[in-house]
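Colleague: If you scroll down you'll find the structure; I have some questions about it.
Protein chains: 2
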Amino acid sequence: MFYVVGLGLCDEKDITVRGLEAVKSSSRVYLEAYTSILMVKKERLEAFYGKDLIVADRDMVETQSDDILKDADKENVSLLVVGDPFGATTHIDMVLRARALNIPTKVIHNASIMNAVGACGLQLYNFGQAVSLVFFTETWKPDSFYDRIKENAALGLHTLVLLDIKVKEQSEENLARGRKIYEPPRYMSIPQAVSQLIEIEELRGDGVLSPDSTLAIGLSRVGGMEEQRIVSGTLAELHIHPEEAFGEPLHSLIIVGKRLHHLEVDYAQDFAVNRDSWRSVAKDVYNCNLDE
Amino acid sequence: MFYVVGLGLCDEKDITVRGLEAVKSSSRVYLEAYTSILMVKKERLEAFYGKDLIVADRDMVETQSDDILKDADKENVSLLVVGDPFGATTHIDMVLRARALNIPTKVIHNASIMNAVGACGLQLYNFGQAVSLVFFTETWKPDSFYDRIKENAALGLHTLVLLDIKVKEQSEENLARGRKIYEPPRYMSIPQAVSQLIEIEELRGDGVLSPDSTLAIGLSRVGGMEEQRIVSGTLAELHIHPEEAFGEPLHSLIIVGKRLHHLEVDYAQDFAVNRDSWRSVAKDVYNCNLDE
Numbered sequence: 012m013f014y015v016v017g018l019g020l021c022d023e024k025d026i027t028v029r030g031l032e033a034v035k036s037s038s039r040v041y042l043e044a045y046t047s048i049l050m051v052k053k054e055r056l057e058a059f060y061g062k063d064l065i066v067a068d069r070d071m072v073e074t075q076s077d078d079i080l081k082d083a084d085k086e087n088v089s090l091l092v093v094g095d096p097f098g099a100t101t102h103i104d105m106v107l108r109a110r111a112l113n114i115p116t117k118v119i120h121n122a123s124i125m126n127a128v129g130a131c132g133l134q135l136y137n138f139g140q141a142v143s144l145v146f147f148t149e150t151w152k153p154d155s156f157y158d159r160i161k162e163n164a165a166l167g168l169h170t171l172v173l174l175d176i177k178v179k180e181q182s183e184e185n186l187a188r189g190r191k192i193y194e195p196p197r198y199m200s201i202p203q204a205v206s207q208l209i210e211i212e213e214l215r216g217d218g219v220l221s222p223d224s225t226l227a228i229g230l231s232r233v234g235g236m237e238e239q240r241i242v243s244g245t246l247a248e249l250h251i252h253p254e255e256a257f258g259e260p261l262h263s264l265i266i267v268g269k270r271l272h273h274l275e276v277d278y279a280q281d282f283a284v285n286r287d288s289w290r291s292v293a294k295d296v297y298n299c300n301l302d303e
Numbered sequence: 012m013f014y015v016v017g018l019g020l021c022d023e024k025d026i027t028v029r030g031l032e033a034v035k036s037s038s039r040v041y042l043e044a045y046t047s048i049l050m051v052k053k054e055r056l057e058a059f060y061g062k063d064l065i066v067a068d069r070d071m072v073e074t075q076s077d078d079i080l081k082d083a084d085k086e087n088v089s090l091l092v093v094g095d096p097f098g099a100t101t102h103i104d105m106v107l108r109a110r111a112l113n114i115p116t117k118v119i120h121n122a123s124i125m126n127a128v129g130a131c132g133l134q135l136y137n138f139g140q141a142v143s144l145v146f147f148t149e150t151w152k153p154d155s156f157y158d159r160i161k162e163n164a165a166l167g168l169h170t171l172v173l174l175d176i177k178v179k180e181q182s183e184e185n186l187a188r189g190r191k192i193y194e195p196p197r198y199m200s201i202p203q204a205v206s207q208l209i210e211i212e213e214l215r216g217d218g219v220l221s222p223d224s225t226l227a228i229g230l231s232r233v234g235g236m237e238e239q240r241i242v243s244g245t246l247a248e249l250h251i252h253p254e255e256a257f258g259e260p261l262h263s264l265i266i267v268g269k270r271l272h273h274l275e276v277d278y279a280q281d282f283a284v285n286r287d288s289w290r291s292v293a294k295d296v297y298n299c300n301l302d303e
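Have a look at this one:
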């Protein structure tokens, strides 16, 4: 059996009991480690699971999937994925490949940022499409996320913005020369994300985002028992908020839509940089009916 | 500590290791049992967790929340929720109430239909807002879901339609007379959901849904190891598909949006009522670039 096991969001104990059984029964266990990261090191997972883990980087998953699947029709093989297995296209590809090889497959679900984002108190029903925001370079500032946020905003919907991570990336030079030398991992912070959003708003000028009258919520390490941080405020407030106050990566950002409910305002105000401005923007700009 | 513990989607083994520890450490454990259901009986959970469970129905959660929270500042109390704790507004209310009472709270996330729906192969990024579809009666056919599907469809996005469940509901007569007599539980089936969608399309006539050229995917018991069923096809195909072929409740339905990717078509064709019509509608109506 080929198991694709979601690990959840935080550490070794977020695996489900069913997932843990699958891992323990497997002769080989791969850890997919480039579409997302857990909050703990591989060694801690290994100690808890009682298994050695083979780190599966992008290269391995995309070009050596048959090695991963080898003998999975005769013995159990597990691929561990941070969050839920269906968060990334890569894992869909793996399951399709297993199907083509007639290898039986089971997917063991878990929390992912796509549903755990509810931790900020915004209702999942009020979210539109999620978007990704990549690190801008001098010459490459892909801005299709802006159209998606605009579409969501026009419907009054919240947007979950997933912030870029760069794990085991090569510099352009090393890539060109075929040198397998990797850059240190990088994780986009909330202030950096806000800065990129504002940059594109200034370029495009459709008035989708406004520093002082768009509400947003920054989240880090959602699901972490001690580590989770949620910070709510206007874009301007989040932009100048000290980076360390957002906690460790991974980070995500929510652009709050106009279909904001007073219960959502109440819940998220506990996380506000400034409770008064949070409520006044919710009331005056978002036309939320707050009873105070 | 007040723990709100997501149970995941299927059975007693979908709880996370962290969640299981919380349950085992709790002096009282409540099972919320009206916004969703697990696939197994309470007794099986009790045997596995080694704890008696107190069933918390709507009445208890909404009117006796202080009883549930009693002494949670001095000992551990757990509220178990099917799926993820933030799937329903009710649980947000409970956490707000705990906050007001200065009771420390921890939320333990898990898979919910909102992310596990990726099991059908459609990418979560391509979903718009989710909608709920309630049982119509002769006199009450709420149709705001139609506007939401229309909004999503205009953007080419998929819509997750959550189908109504009626657990521990009173008849109008029993309600009026204050008799606590409850109707047997009811779960909306996929064919019934399709029938209601088509009924509203015929009334509203905006051409959002078409029996023969709108693709949809029915899901039941997502996350169930043996029980999961996924059926894809046109609305007309799902409408006449035998109800028992969809498996046991809970059911959900996806209306496929035009921003359909060929990988999504490939993945979901394995679940098709009729592979040829699935692909031909994807190609001809959805303009999907399929290479065969």
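Protein chains in written order, with the working numbering: chain R, 12 to 303; chain S, 12 to 303. Positions of the beta carbon are idealized from the N, C-alpha and C atoms, including for glycine.
Run through DSSP, which three-state label would G229/S get?
Modeller: strand
Colleague: Apart from the five residues just before and just after L301/R, which ones in its own chain have a Cβ nearer than 7 Å to its Cβ?
Modeller: H273, V276, R290, A293, K294
Colleague: Just curious, the alpha helix (DSSP H) that S182/R is in, first and last residue?
Modeller: Here S182/R belongs to no alpha helix (DSSP H), and DSSP marks it neither H nor E.
Colleague: Can D95/R and N121/R be called in contact, C-beta distance under 7 Å?
Modeller: yes
Colleague: Rounded to whole angstroms, what is the Cα-Cα separation between M125/R and M125/S?
Modeller: 7 Å
Colleague: Compile a chain-ordered list of the residues in the region 247–263 of chain S whose CB is closer than 7 Å to at least one CB of chain R.
Modeller: none
Colleague: Throw me the rounded Cβ distance for the Q134/R and T100/S pair, which I believe falls under 8 Å.
Modeller: 7 Å
Colleague: Using a Cβ-Cβ distance cut-off of 7 Å, determine whether E162/S contacts chain R.
Modeller: yes
Colleague: Can the beta-carbon of V93/S be found less than 7 Å from the beta-carbon of L18/S?
Modeller: For V93/S and L18/S, yes; Cβs fall inside 7 Å.
Colleague: Which one or two residues does DSSP pair with A283/S in a beta bridge?
Modeller: S243/S
Colleague: Looking at chain R, which residues of the region 120–132 of chain S have a Cβ within less than 7 Å of any of its Cβ atoms?
Modeller: H120, N121, A122, S123, M125, N126, A127, G129, A130, G132
Colleague: If you run the structure through DSSP and keep just helix, strand and coil, what is F147/R?
Modeller: Here F147/R sits in coil by DSSP.
Colleague: Could you compute how far the alpha carbon of Q181/S sits from the alpha carbon of L214/R?
Modeller: 57 Å
Colleague: Mind listing, in chain order, the continuous alpha helix (DSSP H) runs of no fewer than 4 residues lying wholly within the region 254–283 of chain R?
Modeller: 273–280, all fully within the region 254–283 of chain R.
Colleague: Distance check for G218/R and Q203/R, CA to CA, integer angstroms please.
Modeller: 20 Å
Colleague: Mind reading off the beta-carbon distance from V16/S to I26/S? Whole number of angstroms is fine, and I expect it under 8 Å.
Modeller: 7 Å
Colleague: Between I265/S, R108/S, D281/S, D154/S, which lies nearest to G216/S when the distance is taken from Cα to Cα?
Modeller: D154/S
Colleague: State the Cα-Cα distance for the pair D70/S and I48/S, rounded to the nearest angstrom.
Modeller: 17 Å
Colleague: Closest by CA to R108/S, which one among S123/S, Q75/S, G132/S, G61/S?
Modeller: Q75/S
Colleague: Quick one: Cα of D104/R to Cα of H262/S, how far?
Modeller: 26 Å
Colleague: Can you say whether E255/R is buried or exposed, counting buried as having 16 or more other CB atoms within 10 angstroms of its CB?
Modeller: exposed
Colleague: Please list the segments of the alpha helix (DSSP H) lying wholly inside the region 44–118 of chain R, counting only runs of 4 or more residues, in order along the chain.
Modeller: 53–60, 69–74, 76–80, 100–111
Colleague: Just to confirm the assignment, what range does the alpha helix (DSSP H) spanning L31/S have?
Modeller: It spans 28–35 - the alpha helix (DSSP H) in which L31/S sits, taken as one unbroken run.
Colleague: Kindly indicate which three-state DSSP category R197/R falls into: helix, strand or coil?
Modeller: In this structure, R197/R counts as strand in the three-state DSSP scheme.
Colleague: Let me check understanding here. Comparing Cα to Cα, which of L186/R, S123/R, H250/R lies closest to G234/R?
Modeller: S123/R
Colleague: With distances taken between CB atoms, is the gap from E248/S to V284/S smaller than 7 Å?
Modeller: Taking the C-beta atoms as reference points, V284/S is found nearer than 7 Å to E248/S.
Colleague: For G139/S, which three-state DSSP category applies?
Modeller: coil
Colleague: Rank V242/R, E23/R, L208/R by C-alpha distance to the C-alpha of S8/R and give the top, closest one.
Modeller: Any question about residue 8/R goes unanswered here, given that chain R covers just 12 to 303.
Colleague: Have a look at E86/R, L90/R, D78/R and flag the residue whose alpha-carbon is nearest the alpha-carbon of L64/R.
Modeller: L90/R
Colleague: Would you verify that the beta carbon of D217/R is, or is not, closer than 7 Å to some beta carbon of chain S?
Modeller: Judged by the 7 Å Cβ criterion, D217/R is not in contact with chain S.
Colleague: Does any residue of chain R have a CB that is nearer than 7 Å to the CB of I26/S?
Modeller: yes
Colleague: Going by beta-carbon coordinates alone, are H252/S and V205/S separated by less than 7 Å?
Modeller: No.
Colleague: Taking the C-alpha atoms as reference points, what is the distance between T245/R and M50/R?
Modeller: Near 28 Å, if we compare the C-alpha coordinates of M50/R and T245/R.
Colleague: Just by C-beta distance, which residues in the region 209–243 of chain R are closer than 7 Å to chain S?
Modeller: G234, M236
Colleague: Can you tell me whether A58/R is buried or exposed? The criterion is at least 16 other CB atoms within 10 Å of its CB, across all chains shown.
Modeller: exposed
Colleague: For the beta strand (DSSP E) containing Y365/S, name the first residue and the last one.
Modeller: No answer is possible for residue 365/S: the residues shown for chain S start at 12 and end at 303.
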